[in-house]
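Position in the sequence shown (first residue = 1) + 2 = my numbering. Backbone N, C-alpha and C define an ideal beta-carbon position, used for all residues, glycine too. Please read these numbers as outputs of a predicted model, since none were measured by experiment. Below is one structure; the comments refer to it alone.
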Amino acid sequence: MKIRLSILTLIIGIGLLTNCDNTDDDNSQPEFESTAKITGYDSGACFCCGGKIIDIDGEDPSKRFSELPENSNIDIPNMTFPISVRLNWSESNQYCGRGIIIESIELIE
């Protein structure tokens, strides 16, 4: 009986140790895939114009976006261009294929 109890205690202990997770997902910072500069507004009057212009490192030509994620603390109307940022993004068909959707973003200070 003592052997069974010892084995059961050992199995439970090993199970608890291997399933412990020391990371706190609520406070973890996202890893960013790109750096970029938001350079201003595209005020052109063409069909493919509009949005905000962003130069993503390693991407040519400049991309366009219309909005930032809800949790962004970047207040573009009250900032001076260029604005250096880190971001995660995906392609969009907006702005004749030059559009992007910004998934997460932070200022580079």
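| For I103 and S86, believed in contact at Cβ under 8 angstroms, the rounded distance | Not confirmed; about 20 angstroms, so no contact.
| Identity of the residue in I78, E72, G60 and E33 nearest T41 by Cα | Out of I78, E72, G60 and E33, I78 has the C-alpha closest to the C-alpha of T41.
| task | Between the Cα of Y43 and those of S36, I55, F34 and T37, spot the shortest distance and give me the residue it belongs to. | result | Comparing Cα positions, the closest option is I55.
| Thinking just about the alpha-carbon of each residue, which of E33, G52, S64 and P71 is nearest to the one in K39? | S64
| query | Just the Cα atoms here: how many angstroms apart are I58 and G99? | reply | Computed Cα separation, rounded: 15 angstroms.
| Between which two residues does the beta strand (DSSP E) containing L70 stretch? | Where L70 is concerned, there is no enclosing beta strand (DSSP E), given that its DSSP letter is neither H nor E.
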